[in-house]
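Residue numbers (the numbering used here), protein chains in the order written: chain A, 485 to 882; chain B, 485 to 882. Have a look at the structure below before the remarks.
Number of protein chains: 2
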Amino acid sequence: MGILVHKYGGTSVGTTEKIKRIAKRVIAEKEKGNDMVVVVSAMGKTTDHLVEMSKEIAINPNKREMDLILSTGEQVSIALLSMAFQEFGYDAIALTGFQAGIKTYGPHTKNKILDIDDEKIKNYLKEGKVVVVAGFQGVNENGDITTLGRGGSDTTAVAIAAKLGCPCHIYTDVDGIYSVDPRLYKEAKKLDVISYEEMMEMASLGAGVMEPRAIEIGCKYNIPIYVASSINDVGGTYIKEYDEKMEANIVTGLSVCDDILMVTVSHILYNLDHVATLFEKLAIENVNVDMISQTAPVDGYINVSFTAPKDDLFVIEKVMGDLEGRVEISIEDEITKISVVGIGMRNQSGVSGRLFRILADNGISFRQVTTSEISISYTIDKKDKEKAVRALSNELNL
Amino acid sequence: MGILVHKYGGTSVGTTEKIKRIAKRVIAEKEKGNDMVVVVSAMGKTTDHLVEMSKEIAINPNKREMDLILSTGEQVSIALLSMAFQEFGYDAIALTGFQAGIKTYGPHTKNKILDIDDEKIKNYLKEGKVVVVAGFQGVNENGDITTLGRGGSDTTAVAIAAKLGCPCHIYTDVDGIYSVDPRLYKEAKKLDVISYEEMMEMASLGAGVMEPRAIEIGCKYNIPIYVASSINDVGGTYIKEYDEKMEANIVTGLSVCDDILMVTVSHILYNLDHVATLFEKLAIENVNVDMISQTAPVDGYINVSFTAPKDDLFVIEKVMGDLEGRVEISIEDEITKISVVGIGMRNQSGVSGRLFRILADNGISFRQVTTSEISISYTIDKKDKEKAVRALSNELNL
Chain A
485 MGILVHKYGG
495 TSVGTTEKIK
505 RIAKRVIAEK
515 EKGNDMVVVV
525 SAMGKTTDHL
535 VEMSKEIAIN
545 PNKREMDLIL
555 STGEQVSIAL
565 LSMAFQEFGY
575 DAIALTGFQA
585 GIKTYGPHTK
595 NKILDIDDEK
605 IKNYLKEGKV
615 VVVAGFQGVN
625 ENGDITTLGR
635 GGSDTTAVAI
645 AAKLGCPCHI
655 YTDVDGIYSV
665 DPRLYKEAKK
675 LDVISYEEMM
685 EMASLGAGVM
695 EPRAIEIGCK
705 YNIPIYVASS
715 INDVGGTYIK
725 EYDEKMEANI
735 VTGLSVCDDI
745 LMVTVSHILY
755 NLDHVATLFE
765 KLAIENVNVD
775 MISQTAPVDG
785 YINVSFTAPK
795 DDLFVIEKVM
805 GDLEGRVEIS
815 IEDEITKISV
825 VGIGMRNQSG
835 VSGRLFRILA
845 DNGISFRQVT
855 TSEISISYTI
865 DKKDKEKAVR
875 ALSNELNL
Chain B
485 MGILVHKYGG
495 TSVGTTEKIK
505 RIAKRVIAEK
515 EKGNDMVVVV
525 SAMGKTTDHL
535 VEMSKEIAIN
545 PNKREMDLIL
555 STGEQVSIAL
565 LSMAFQEFGY
575 DAIALTGFQA
585 GIKTYGPHTK
595 NKILDIDDEK
605 IKNYLKEGKV
615 VVVAGFQGVN
625 ENGDITTLGR
635 GGSDTTAVAI
645 AAKLGCPCHI
655 YTDVDGIYSV
665 DPRLYKEAKK
675 LDVISYEEMM
685 EMASLGAGVM
695 EPRAIEIGCK
705 YNIPIYVASS
715 INDVGGTYIK
725 EYDEKMEANI
735 VTGLSVCDDI
745 LMVTVSHILY
755 NLDHVATLFE
765 KLAIENVNVD
775 MISQTAPVDG
785 YINVSFTAPK
795 DDLFVIEKVM
805 GDLEGRVEIS
815 IEDEITKISV
825 VGIGMRNQSG
835 VSGRLFRILA
845 DNGISFRQVT
855 TSEISISYTI
865 DKKDKEKAVR
875 ALSNELNL
């Protein structure tokens, strides 16, 4: 027995009843002899309400102030959860990001964890307390409250586990990692285990269950992550180091993402500097550019397409408006990215050929294709999404 | 022109519309050349909602966690108000209690300000920013978030003004200090000016407009406090150092308080130690004991009565339950305290005689009477309240 980090997301702490239920789950683990750290998100709809009020005040609210207001969400949940432990007769203490020593850096609303000064957490654990930590938030070197952006609470949980050198359980509203999103493909199989690398591809490719940043930290410090349901007691999925047995399947999963835009910039004068400037400007604005494809120059001009999160539309339009010259820009949002992921692809050729064949046989045309060592991704028209998911899942036995 | 502190209470920041209105008022002062610090409370009903959720979790929630959850209320208001300034084109920055350097000590939910490390506030003012500070909260030496209890935001505002050596304007839902609460006596006169000492008596005696702690700080550092309406532009009341002119009226105001209990402990064996133990125990539990009266011993036994805030009923019952011996205890809550305050009473005799006469002529009997240098207080049956207020206000020309 040792230290164990549990993380519960927004829907699991949606009501005071649910918060009490979480306290009981954690107490059961503590009774087994574990020292417990619990990371929680804001209660269900709280964040939406705070964003709504901010938008009533300002069209584009200052991001430092956004962080300040959003961080109150977790502060409320940790206080309530800590009270619940105390009510059940267990000593507990609630810590905000800055109290838990979570030091961050970067632009507001998208901070990254720099380090965790875990002295307080360790001391409180030694005193026998359940330590309840606010996910998603930290403090920068200026003493400003920061937030970690999407999936920030997972990142907080895994980072604390990494610092304490203990396992991390992520309890969520799905009961594990599936080969394909079960909402898209009912017959999808739940995976008992998946490697960090595959999960990172799945996550960064939009599987949505966990953010890649959290997995990356788990991978770097070799912290086993267990993803399971916060409600049911059915077995979840272990995310851990790659292991020989996993290689049996060449393809582990399918990842599907709709929350993207595809931007095509055409008629760019062929000049390395022009393309570099474009992506530099996007980087300065913290736009998370994903798939990039570029055609060979024709008559001295090139076309570039890239995908990016829909949330960044406003910023992308601004950057595109600043581009010099007579380039033409089109932004499409009826786009789906579909990715096939498997660590076995590293040593197996022929997967791409098989995929192109499946798409062709089903009459699905694609706009872009990119590959990594363990994945192949396509952008397709959103109308073809269901057909593509079904065809690929069936053929690849996912 | 110099620095000016404005404070706006909970009802003045109740909606995003109202927050925008406050921003405009503050901007008007800034445009006159003032460097502005704005202290705000939590939005109207927020605190009630947070208390309600806490009560759903625990009957008697841990006070450290209560402070943590309650402090989110002001954190939301400061972020929104800061966004409003920015939206109107003014540079602004929102600071929580700990960010503003407000160091506190004492028991949770009832902390006191130890000191303010005003470096950040001063630096941001130098940069031309409107500095928006969360009222009611601070941080203790352990790094825990604390709250200042009733009237805490006023205390924050006046303490910051004291530290910066500048005036403090308290904008509230009443348009100044009245000789008598206008809800109790319609003909009550608004005072243009009142001395710190009188206001402290009025406040601690339950006038409700401002807490005595805030006035005490104003008095100690000689900071002029202006109390006025946050909505109307009618003149308010200055609270300032005593000045010869003020002495014209012997009696300045009447203060009425219903939120009290009267506890009578009878049949105490006459022994100095017994009475001391009783009040020591109440002090340990932070009960704010107010009027104390004790009868001379009869047959070796004495009776003691005291008043205390109704909020402390739970704690008082606990302490009383712990008392040893065969004492009898009665707790009455249909009690009103009514106090006559005036700095002129210091040099004028005969006021008490006049007051006893007014009460007698109107058939109002009282339970306790206590006096200070500038006030006389009575506890009466709540049913006699209206009659007493009317009689005293009329006779004393308030």
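All C-beta atoms, glycine included, are put in the ideal place defined by N, C-alpha and C.
I'd like to know whether the C-beta atoms of residue i and residue j end up nearer to each other than 8 Å.
| i | j | result |
| --- | --- | --- |
| residue 824 of chain B | residue 738 of chain B | yes |
| residue 655 of chain A | residue 492 of chain A | yes |
| residue 502 of chain B | residue 568 of chain B | no |
| residue 554 of chain A | residue 616 of chain A | no |
| residue 587 of chain B | residue 602 of chain B | no |
| residue 821 of chain A | residue 861 of chain A | yes |
| residue 736 of chain A | residue 700 of chain A | no |
| residue 563 of chain B | residue 552 of chain A | yes |
| residue 660 of chain A | residue 674 of chain A | yes |
| residue 685 of chain B | residue 858 of chain B | yes |
| residue 709 of chain A | residue 773 of chain A | no |
| residue 597 of chain B | residue 652 of chain B | no |
| residue 723 of chain A | residue 702 of chain A | yes |
| residue 500 of chain A | residue 715 of chain B | no |
| residue 570 of chain A | residue 607 of chain B | no |
| residue 816 of chain B | residue 745 of chain B | yes |
Figure out for me which residue from the options has the closest Cα to the Cα of residue i.
| i | options | result |
| --- | --- | --- |
| residue 758 of chain B | B:591, B:586, B:535 and B:806 | B:806 |
| residue 633 of chain B | B:707, B:667 and B:591 | B:591 |
| residue 486 of chain A | A:514, A:839 and A:549 | A:514 |
| residue 495 of chain A | A:588, A:775, A:658 and A:583 | A:658 |
| residue 490 of chain B | B:645, B:583, B:526 and B:499 | B:645 |
| residue 787 of chain A | A:834, A:779 and A:643 | A:779 |
| residue 790 of chain B | B:836, B:535 and B:762 | B:762 |
| residue 578 of chain A | A:534, A:531 and A:524 | A:524 |
| residue 667 of chain B | B:874, B:707, B:880 and B:879 | B:874 |
| residue 680 of chain B | B:879, B:705 and B:631 | B:705 |
| residue 665 of chain B | B:687, B:677 and B:556 | B:687 |
| residue 528 of chain B | B:799, B:498 and B:876 | B:498 |
| residue 530 of chain B | A:541, A:557, A:872 and A:548 | A:557 |
| residue 734 of chain A | A:798, A:819 and A:839 | A:839 |
| residue 605 of chain A | A:620, A:775, A:584 and A:631 | A:584 |
| residue 800 of chain B | B:599, B:835, B:526 and B:764 | B:764 |
| residue 623 of chain A | B:599, B:613, B:580 and B:639 | B:580 |
For the alpha helix (DSSP H) that contains residue i, what are its first and last residues?
| i | result |
| --- | --- |
| residue 758 of chain B | 756-768 |
| residue 724 of chain B | Not the alpha helix (DSSP H): residue 724 of chain B falls in the beta strand (DSSP E), residues 721-724. |
| residue 492 of chain B | Run containing residue 492 of chain B: none in the alpha helix (DSSP H); it sits in the beta strand (DSSP E), 487-492. |
| residue 605 of chain A | 603-610 |
| residue 680 of chain B | 680-688 |
| residue 845 of chain B | 835-845 |
| residue 641 of chain B | 636-648 |
| residue 869 of chain A | 869-880 |
For the beta strand (DSSP E) containing residue i, list its first residue and its last residue.
| i | result |
| --- | --- |
| residue 600 of chain B | 596-600 |
| residue 804 of chain A | Here residue 804 of chain A belongs to no beta strand (DSSP E); instead the alpha helix (DSSP H) covers 797-806. |
| residue 792 of chain A | 785-793 |
| residue 652 of chain B | 652-656 |
| residue 702 of chain B | Run containing residue 702 of chain B: none in the beta strand (DSSP E); it sits in the alpha helix (DSSP H), 696-704. |
| residue 711 of chain B | 709-713 |
Which one or two residues does DSSP pair with residue i in a beta bridge?
| i | result |
| --- | --- |
| residue 462 of chain B | This structure cannot speak to residue 462 of chain B, because chain B is shown only from 485 to 882. |
| residue 738 of chain A | A:824 |
| residue 674 of chain B | B:662 |
| residue 862 of chain B | B:822 and B:853 |
| residue 519 of chain B | B:487 |
| residue 621 of chain B | B:631 |
| residue 778 of chain A | A:788 |
| residue 615 of chain B | B:521 and B:577 |
| residue 744 of chain A | A:793 |
Which runs of the beta strand (DSSP E) spanning at least 3 residues fall entirely within the segment 521-593 of chain B, listed in chain order?
-> DSSP runs (the beta strand (DSSP E)) wholly in the segment 521-593 of chain B: 576-579 and 586-589.
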